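Take the position in the sequence shown, starting the count at 1, then add 169; the result is the number in this note's numbering.
Notes for the one structure printed next.
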Amino acid sequence: MQDVKFYLENEAVTVEIGQKLAKVARPPLTLYLTGDLGAGKTTLSRGLIQALGHQGAVKSPTYTLVEPYELPGVEVYHFDLYRLSDPEELEFMGIRDYFSENSLCIVEWPDRGEGLLPPADLHLHLAYSGNGRELNVHAGSAAGQAVIEHLSQ
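Spelled out as structure tokens, the structure:
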């Protein structure tokens, strides 16, 4: 499986890569977003979720752990596990029910839910690079590889 890297010079380019993902991401699909605080995980998620058809604001689900979006043809679940103190909390919220055949799950801070989350189809890692960000995308499945191939074109 190949990795692909992108340089994201600003917020607009970060939103744009989320929009490109939306054009090729088909459920079921699990995305892990990792990177330091402020690296652009929620910004990228916003571009993806709005390009899938959500009209309103996309806020980070830091306090609620998950923000659901019922969109045409797909159920999107945006998780932010930053404030998760114990992965067992995910069991209490029925975490497995979110990962269905019709869902696209975006998980920020997936390491906090280790052992209870399904493996990622795509792992997107954002890192500071000069005044912008570097995005490294790694496929963890055939579905993820297909997304990478479309993004690379």
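Glycine included, each C-beta is placed from N, C-alpha and C at the ideal position.
Bear in mind that the values here come from a model prediction, so they are computed numbers and not experimental data.
- In this structure, the CA atom of Gly242 is about 8 angstroms from the CA atom of Asn271.
- According to the DSSP assignment, His223 belongs to no alpha helix (DSSP H), since it is labelled neither H nor E.
- When C-beta atoms of the region 177-188 are compared with those of the region 209-227, three or more pairs fall below 8 angstroms, so the two segments count as touching.
- Counting the other CB atoms within 10 Å of its CB gives Leu295 a total of 16 or more, which places it among the buried residues.
- Non-local beta-carbon contacts of Leu240 in its own chain, meaning distances under 7 angstroms to residues more than five positions away in sequence, involve Leu221, Gly222, His223 in chain order.
- Nearest neighbour of Pro287 by Cα position, chosen from Tyr238, Ser269, Arg252, Arg302, turns out to be Ser269.
- Membership of Lys174 in the beta strand (DSSP E) is indicated by the continuous run 172-177.
- Restricting attention to beta strand (DSSP E) runs no shorter than 3 residues, the region 260-284 encloses them at 272-277, ordered along the chain.
- For Thr199, same chain residues with a beta-carbon under 6 angstroms away, outside a window of 5 residues either side, are Cys274, Pro287, Ala289, Asp290 in chain order.
- Val235 sits away from Tyr251, with the two beta carbons spaced by 8 angstroms or more.
- One alpha carbon belongs to Glu178, the other to Asn300, and they sit about 7 angstroms apart.
- Nearest neighbour of Ala208 by Cα position, chosen from Pro237, Gly282, Ala194, Asn305, turns out to be Asn305.
- Pro237 and Leu293 have their C-alpha atoms spaced approximately 20 angstroms apart.
- For Val276, same chain residues with a beta-carbon under 6 angstroms away, outside a window of 5 residues either side, are Tyr201, Phe248 in chain order.
- Within the model, the alpha-carbon separation for Glu260 versus Tyr232 is close to 17 angstroms.
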